[in-house]
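Undergrad: Sharing a structure here in structure tokens format.
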Amino acid sequence: MGTKEKRQTPSPHHPITPSPARRGVITAGVSYHHALTQPGQPLADLESLDVHTLPSVDLESFDLLLVLRSVDNEKLWARRHQIARFLDRGGVLVAFGEAWSNWFPGCRWHPEHPQDLLPPVVAGLPLLEGMSAAAVHWHATGPRWCNHGHFVAPPGAEVLVANQQGSAWWYIDRATTNGVIMAATNLDLDTHTYYGNETARELLLRMLTWADAETGYVCKRRERASPKIAGLFSGVNFQRGFYTSREFAACFAVVPVEELAGTDLRCYVAVWVPRESNQDVLLRHRDRLEEYLAQGGTLVSFDEVHQPWLHGLAWEPRAVDASTLTWHAHPILNGEDLDLEQVPWHAHGALTPPPSATTLVGEAGGGAVLYLDERTHAPGRILAGTLDPDCHAGYGSELTRPLLRAILGWLLTPSIANPPQHLH
157 MGTKEKRQTP
167 SPHHPITPSP
177 ARRGVITAGV
187 SYHHALTQPG
197 QPLADLESLD
207 VHTLPSVDLE
217 SFDLLLVLRS
227 VDNEKLWARR
237 HQIARFLDRG
247 GVLVAFGEAW
257 SNWFPGCRWH
267 PEHPQDLLPP
277 VVAGLPLLEG
287 MSAAAVHWHA
297 TGPRWCNHGH
307 FVAPPGAEVL
317 VANQQGSAWW
327 YIDRATTNGV
337 IMAATNLDLD
347 THTYYGNETA
357 RELLLRMLTW
367 ADAETGYVCK
377 RRERASPKIA
387 GLFSGVNFQR
397 GFYTSREFAA
407 CFAVVPVEEL
417 AGTDLRCYVA
427 VWVPRESNQD
437 VLLRHRDRLE
447 EYLAQGGTLV
457 SFDEVHQPWL
467 HGLAWEPRAV
477 DASTLTWHAH
487 PILNGEDLDL
497 EQVPWHAHGA
507 LTPPPSATTL
517 VGEAGGGAVL
527 YLDERTHAPG
537 RILAGTLDPD
547 CHAGYGSELT
557 RPLLRAILGW
567 LLTPSIANPP
577 QHLH
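Just remember that my numbering sits 156 ahead of the position in the sequence shown, which is counted from 1.
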């Protein structure tokens with residue numbers, strides 16, 4: 157993930173020069189969400205994004221996202237991969253409120269503890285200059301009245317305000333992701349600003365100044381981000397197992413298929429379509445996939461292609477005798493631990509490769525169970541197969557991992573891993 161920049165929290169009393177940073181505020185129709193984004197209010201200059209529309213929004217094009225308290229945590233959990241991709245691209249996330257679904261990386265929220273009713277411990281940092289514990293002790297009534305709990309801050313986080321037991325009410329995390337996360341609970345600056353608390357308004361304005369300063373580092377963080385493959389995800393158990401496996405997780409940015417509409421695929425060295433993907437959604441986004449290939453992208457598919465979601469992919473549902481498979485020399489198959497005699501476990505039908513394609517693994521019926529096509533969508537490339545190594549790795553099998561290592565190594569080799577128009 158690279159070396160984290162070390163610096164003090166910028167002083168809120170030195171206004172910064174406005175930058176072309178793109179800033180968004182995620183809302184959910186709550187009264188103060190609407191009020192605080194009106195002209196003349198603190199959040200008026202941020203782009204308002206309704207949480208229900210996020211699948212069609214390219215969040216990775218933003219530098220700053222502010223998520224207000226009382227945004228639907230079910231919806232935020234559903235968009236956790238989208239938020240993670242935003243952070244992996246170096247973005248700044250500010251989250252207010254009870255994050256009970258733990259929807260952002262490193263989040264561990266807990267409900268009210270008796271310590272949360274007592275005056276907090278306030279760090280001596282510029283963001284909190286002049287603020288006493290009493291000034292930010294807004295939820296003392298209780299127990300079980302209106303207290304917003306606390307976080308267990310991630311390792312390496314900078315805690316700004318904590319309860320007397322040390323659990324965080326407000327922290328900054330530069331360690332968990334390639335981006336920056338500021339999270340606050342029991343200090344709901346947005347709610348209390350709406351209800352006329354001048355201390356809350358002052359802290360909200362300071363936070364925005366801090367966030368604007370942080371966006372100046374987004375491009376630097378983007379440049380140090382490791383190349384990744386966009387792994388399409390249809391909520392299938394083995395897909396989850398594959399993308400979260402200890403060995404392969406770092407290679408992928410998980411993209412739920414419903415987020416295809418808002419994802420700029422040019423940011424990724426390849427798009428991976430695993431077996432049992434939602435092909436109804438792929439068909440709806442056929443033009444988007446073909447545009448990605450036309451810009452020089454690489455697409456990997458291990459699915460049974462029963463719908464025409466990509467021109468040139470022709471699949472036939474028939475039995476394949478694994479013992480008759482033939483292997484052809486190619487750099488993709490040059491993995492150090494890849495024993496070709498052990499690989500033919502089975503195949504889910506056969507593909508008819510285009511005339512210009514290179515068959516890597518052929519079958520007795522004249523079809524292919526793995527081929528590389530570098531011409532049909534040139535300059536884009538398609539690696540297509542029916543061997544489903546991702547499926548079995550997702551279930552925990554070791555047998556298919558050597559082939560996956562070989563393919564992933566080929567995709568992520570510096571001379572190969574070159575997105576069509578990598579965005580910085």
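C-beta atoms are modelled at their ideal positions from N, C-alpha and C, and glycine is treated no differently.
All values derive from a computational prediction rather than experimental measurement.
Starting from SER187, follow the alpha helix (DSSP H) in both directions and report where the run begins and ends.
TA: For this step, residue 187 is matched to residue 31 along the sequence shown. It spans 187-192 - the alpha helix (DSSP H) in which SER187 sits, taken as one unbroken run.
Undergrad: Do GLY335 and LEU232 have their beta-carbon atoms positioned less than 8 angstroms apart in this structure?
TA: Sequence index remark: in the sequence shown, residue 232 carries index 76 (1-based). Sequence index remark: in the sequence shown, residue 335 carries index 179 (1-based). Result no, Cβ atoms of LEU232 and GLY335 do not sit closer than 8 angstroms.
Undergrad: Quick one: what does DSSP say VAL525 is sitting in, helix, strand or coil?
TA: Position 369 of the sequence shown, counted from the first residue, corresponds to residue 525. VAL525 falls in the strand class under three-state DSSP.
Undergrad: Do LEU543 and PHE458 have their C-beta atoms closer together than 8 angstroms?
TA: Start at 1 with the first residue of the sequence shown, and residue 543 comes out as number 387. Start at 1 with the first residue of the sequence shown, and residue 458 comes out as number 302. Yes.
Undergrad: Could you name the residues that DSSP lists as bridge partners for THR602?
TA: With the chain covering only 157 through 580, there is no way to say anything about residue 602.
Undergrad: Does the beta-carbon of THR297 have 16 or more other beta-carbons within 10 angstroms, so that it is buried, or is it exposed?
TA: As a position in the sequence shown, residue 297 is number 141, starting the count at 1. By the neighbour-count rule (16 or more Cβ atoms within 10 Å), THR297 is not buried but exposed.
Undergrad: If you drop the 5 nearest sequence neighbours on each side, which residues of the same chain put their C-beta closer than 6 angstroms to that of ALA255?
TA: Here residue 255 corresponds to residue number 99 of the sequence shown, with the count starting at 1. Within the same chain, ALA255 has close Cβ partners CYS263, TRP265.
Undergrad: Could you work out which residue in LEU469, GLN451, THR183, LEU222 is closest to LEU421 when comparing CA atoms only?
TA: Translated into positions along the sequence shown, residue 421 becomes position 265. Nearest of LEU469, GLN451, THR183, LEU222 to LEU421, Cα basis: GLN451.
Undergrad: What does the Cβ neighbour count give for HIS295, buried or exposed, with the cut at 16 atoms within 10 Å?
TA: As a working mapping, residue 295 is identified with position 139 in the sequence shown. Buried, by the Cβ-count rule.
Undergrad: Who are the near neighbours of THR556 in its chain, counting only those whose CB is closer than 6 angstroms to its CB and skipping five residues on each side?
TA: Within the sequence shown, the letter at position 400 stands for residue 556. Once the five neighbours on either side are set aside, the close Cβ partners of THR556 are PRO545, HIS548, ALA549.
Undergrad: Could you tell me which of GLY552, LEU507, LEU224 sits nearest to TYR350, measuring between CA atoms?
TA: Taking the sequence shown and counting its residues from 1, one reaches residue 350 at position 194. The option with the nearest alpha carbon to TYR350 is LEU224.
Undergrad: Does the distance from the C-beta atom of ARG178 to that of SER212 stay below 8 angstroms?
TA: For the purposes of this step, residue 178 is identified with residue 22 of the sequence shown, where counting begins at 1. For the purposes of this step, residue 212 is identified with residue 56 of the sequence shown, where counting begins at 1. Their beta carbons are not under 8 angstroms apart, which means ARG178 does not touch SER212 by this criterion.
Undergrad: CB-CB under 6 angstroms to ARG431, same chain, minus the five flanking residues each way: which ones, in chain order?
TA: On the sequence shown, position 275 is the one that residue 431 refers to. Closer than 6 angstroms at the Cβ level, and outside the excluded window around ARG431, lie PHE458, ASP459, ASP544, CYS547.
Undergrad: Does the contact criterion of 3 or more C-beta pairs under 8 angstroms hold for the region 552-569 versus the region 466-474?
TA: No, they do not touch.
Undergrad: For TRP566, which three-state DSSP category applies?
TA: Residue 566 sits at position 410 when you count from the first residue of the sequence shown. In this structure, TRP566 counts as helix in the three-state DSSP scheme.
Undergrad: Rounded to whole angstroms, what is the Cα-Cα separation between ASN490 and ALA506?
TA: Walking along the sequence shown from the start, residue 490 turns up at place 334. Walking along the sequence shown from the start, residue 506 turns up at place 350. Rounded to the nearest angstrom, the two C-alpha atoms are 23 angstroms apart.
Undergrad: For ILE488, which of ALA386, HIS269, LEU516 has the nearest alpha-carbon?
TA: Within the sequence shown, numbered from 1, the residue matching residue 488 stands at position 332. For the residues ALA386, HIS269, LEU516, the minimum Cα distance to ILE488 belongs to LEU516.
Undergrad: Only counting the same chain, and skipping five residues up and downstream in sequence, which positions put a Cβ closer than 6 angstroms to that of ASN303?
TA: One-based indexing of the sequence shown puts residue 303 at position 147. GLU268, ASP272, HIS295, listed in sequence order.
Undergrad: DSSP on HIS484, reduced to helix/strand/coil?
TA: Reading the sequence shown from its first residue, position 328 is the one you call residue 484. Here HIS484 sits in coil by DSSP.
Undergrad: Locate the beta strand (DSSP E) running through GLY518, then write down its first and last residues.
TA: Locating residue 518 in the sequence shown gives position 362, counting from the first residue. GLY518 -> beta strand (DSSP E) spans 514-518.
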